[in-house]
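1 is the number of the first residue of the sequence shown in the UniProt record's numbering; add one for each residue after it.
Built from N, CA and C at the ideal position, the CB exists for glycine as well.
Notes for the one structure printed next.
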Amino acid sequence: MSKDFDELIRDMDLIIENVDSFKAMAPRAPQPTAEPPAIHYYDSFCENIALKVVLKVLLSSVDKIVKVQIANKVEQEIAQIEQQVVRAGGGPVAAEDLAQMTHYVRRTVSDLLD
């Protein structure tokens with residue numbers, strides 16, 4: 001243990017003696033910086049298209065009875081959403097917005113189930 005301590009003291013003495021020469025040394029070359037990765041922006045349009053494609057593939061293997069059941073379930077969900085908005089006093093969703101949303105859902109489901 002004392003030998004390690006003696007070596008540490010000797011190394012510190014050498015550093016102190018050579019401080020001036022260390023200061024005179026040329027600066028190190030700057031390290032090359034890696035370019036940051038490209039920023040990914042959320043793209044809801046592409047996500048919607050991808051989801052539609054996946055759903056279309058999944059639904060293509062479903063028989064007609066199941067497709068009718070899915071369509072009926074979607075209509076039930078739309079009715080529940082409308083009732084919740086009415087009970088909440090309209091909230092931030094205007095009637096026109098709700099109509100547009102439900103129309104979009106119906107059209108999308110129709111496209112997927114055909």
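Check: For residue 161, the first and last residue of its enclosing alpha helix (DSSP H); Outcome: There is simply no residue 161 to check, as the chain begins at 1 and stops at 114 in what is shown.
Check: Limits of the unbroken alpha helix (DSSP H) element including GLN83; Outcome: 64 to 87
Check: Nearest neighbour of THR102, chosen from ALA71, ALA88, ARG87, ASP63 [CA to CA]; Outcome: ALA71
Check: Environment of VAL66 [buried if 16+ CB atoms lie within 10 Å]; Outcome: exposed
Check: Span separating the alpha-carbon of GLN69 from that of THR33; Outcome: 57 Å
Check: Separation of GLN31 from ALA99, as counted between CA atoms; Outcome: 58 Å
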